[in-house]
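Asks:
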Amino acid sequence: KEEERHGRREGLARLCADFCGSCGWPCPLCLEVVQVGQAKESSGPVMFARFSRPASAALRRGLATSSQNNAKVAVLGASGGIGQPLSLLLKNSPLVSRLNLYDIAHTPGVAADLSHIETKAEVKGFLGPEQLPESLKGCEVVVIPAGVPRKPGMTRDDLFNTNATIVANLAAACAKHCPEAMICVIANPVNSTIPITSEVFKKHGVYNPNRIFGVTTLDIVRANTFVAELKGLDPARVNVPVIGGHAGKTIIPLISQCTPKVEFPQDQLASLMGRIQEAGTEVVKAKAGAGSATLSMAYAGARFVFSVLDAMNGKEGVIECSFVRSEETECTYFSTPLLLGKNGIERNLGIGKISPFEQKMVTEAIPELKGSIKKGEEFAKSMK
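Listed below in structure tokens is the structure:
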């Protein structure tokens, strides 16, 4: 049916992209329309490997009008620089039927504003710690962008003292009021906030490592974009897995696994790796004290949430990289491509075959990752 519907439909590329978004598979019609601007008869389906699906497929599916779901999603930190645009993207998705917005300020206004948008998701704002429990009841997915942003000269680790406490308190509320929810943590430093979240859930006796995710998707989005720029490709058709962690040299883009296959001279490759690793700092400097990456992070966060919802909805072959509990290296947490399912992580796909250059990066990243993980675990264990 999908082949027939796509192959025999004539129209513009925009229309075709909407239809492809509904099923998640690229069709030959799209590939032709992008080139010539007019649909033609399809000769048959194009089967892409799961790793080479377009990077924007999840976001398109999340916004496609033919997608169906009734998920209840909470955004904790919904009034902030990431929280507001993230909430806008979630409100615009038919995958979401109820959107609960929590923060310590301004959420009634943000909720009122979003509630006027002509999409089905019902929006409600919750203000302050006393309303936090109610915001979480019945939620299937919780996204946590809460915390303070970086300023020029700061590293993600500099945020630890403030954000660690915020994340620990929010994680405790989740463990009490929605222990079965998928927990998607954006708050930095992710290399420490995921161990914190895990330890909090352990304290409450409801820990499930398959349901706690560190959202590193922005690293993949940036890698796709930068590779596409250098090679003159459509970034929506590029997919670069990024493993390791979510700070500085722990961010390890696997250019050797990029689809389509690309190659760079060693000096250009080193420069590209450095730019991907320090892309967050690039934005912080450009904003000159006015914040960190918010819009691109909101996009990446929405992409990850839509992938989680797709998998919960029964869609097969949904793959995203995320910083999770892992046995792939000597680090207890590590980001790798994950096959998602109805109950969270269905299978960790591991690191796979990598180049000697990338292996060297992994070796160099492990001591820093271990330190960040230990710092998070010790913080959580010291909390009363």
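Per my numbering, the very first residue in the sequence shown carries number 77; after that it's consecutive. In this text, a Cβ means the ideal position worked out from N, Cα and C, and glycines have one as well.
Counting only runs that start and end within the segment 295-367, where is the beta strand (DSSP E) found for 3 or more residues in a row?
Replies: 318-320 and 327-329
Asks: For Glu358, collect the residues of the same chain with a Cβ closer than 8 Å to its Cβ; drop the 5 residues on either side in sequence, then sort them by chain order.
Replies: Once the five neighbours on either side are set aside, the close Cβ partners of Glu358 are Arg351.
Asks: On the three-state DSSP scale, how would you describe Met373?
Replies: helix
Asks: What's the gap between the Cα of Pro311 and the Cα of Val149?
Replies: 29 Å
Asks: For Pro413, does the three-state DSSP call read helix, strand or coil?
Replies: DSSP, reduced to helix, strand and coil, places Pro413 within a strand of the structure shown.
Asks: Which same chain residues end up closer than 7 Å to Phe302 when comparing Cβ atoms and leaving out the 5 residues on each side of it in sequence?
Replies: Leu348, Arg351 and Ile352
Asks: Mapping the DSSP letters down to three states, classify Glu198 as helix, strand or coil.
Replies: If DSSP states are grouped into helix, strand and coil, Glu198 belongs with the strands.
Asks: Tell me the DSSP secondary structure of Ala251 in three-state form.
Replies: The DSSP-derived three-state label of Ala251 is helix.
Asks: Between Lys457 and Glu275, which are expected to be in contact by the criterion C-beta below 8 Å, what is the C-beta distance as a whole number of angstroms?
Replies: 6 Å
Asks: Give the straight-line distance between the Cα atoms of Cys412 and Ala364, rounded to the nearest whole angstrom.
Replies: The question names Cys, yet the displayed sequence has Thr at residue 412. A straight-line Cα-Cα distance of about 33 Å links Thr412 and Ala364.
Asks: Rounded to a whole number of angstroms, what is the C-alpha to C-alpha distance between Val186 and Glu392?
Replies: Their Cα atoms are separated by approximately 34 Å.
Asks: Any contact of the segment 188-200 with the segment 163-172, i.e. 3+ C-beta pairs under 8 Å?
Replies: yes
Asks: Using only the alpha-carbon positions, how far apart do Lys418 and Ala369 sit?
Replies: 30 Å
Asks: Identify whether Arg84 lies in helix, strand or coil by the three-state DSSP scheme.
Replies: Unreliable placement is indicated for Arg84, whose pLDDT of 38 sits below 50; the coordinate value is still reported in the next sentence. Of the three classes helix, strand and coil, the one that applies to Arg84 here is coil, per DSSP.
Asks: Got a sec? Which residues, its chain only, sit under 6 Å from Val243 by beta carbon, not counting five neighbours each side?
Replies: Ala263, Thr269 and Ile272
Asks: Mind checking who Lys167 pairs with in its DSSP beta bridge?
Replies: Looking at the DSSP assignment, Lys167 forms no beta bridge with any residue, so it has no partner.
Asks: Considering just the uninterrupted stretch of the beta strand (DSSP E) at Asp179, what are its terminal residues?
Replies: Val172 to Asp179
Asks: Going by the DSSP bridge assignment, what does Ile259 pair with across the sheet?
Replies: Val218 and Ile288
Asks: If you draw a straight line from the C-alpha of Ala441 to the C-alpha of Phe455, how long is it?
Replies: Each residue's Cα considered, the two are about 22 Å apart.
Asks: Can you say whether Gln344 is buried or exposed, counting buried as having 16 or more other CB atoms within 10 angstroms of its CB?
Replies: Label assigned to Gln344: exposed.
Asks: Does the Cβ of Ser431 have 16 or more other Cβ atoms within 10 Å, making it buried, or fewer, making it exposed?
Replies: exposed
Asks: Since I believe Leu177 is in contact with Leu385 (beta carbons under 8 Å), could you give me their beta-carbon distance rounded to a whole number of angstroms?
Replies: At roughly 17 Å, the Cβ-Cβ gap does not stay under 8 Å, so Leu385 and Leu177 are not in contact.
Asks: Find out if the Cβ-Cβ distance for the pair Thr439, Ala376 is shorter than 7 Å.
Replies: no
Asks: Does the separation of the CB atoms of Gly420 and Met258 fall below 7 Å?
Replies: yes
Asks: Going by DSSP in three states, Ser142 sits in which element: helix, strand or coil?
Replies: With a pLDDT of 42 at Ser142, under the threshold of 50, the predicted position of this residue should be treated as unreliable, and no value is reported.
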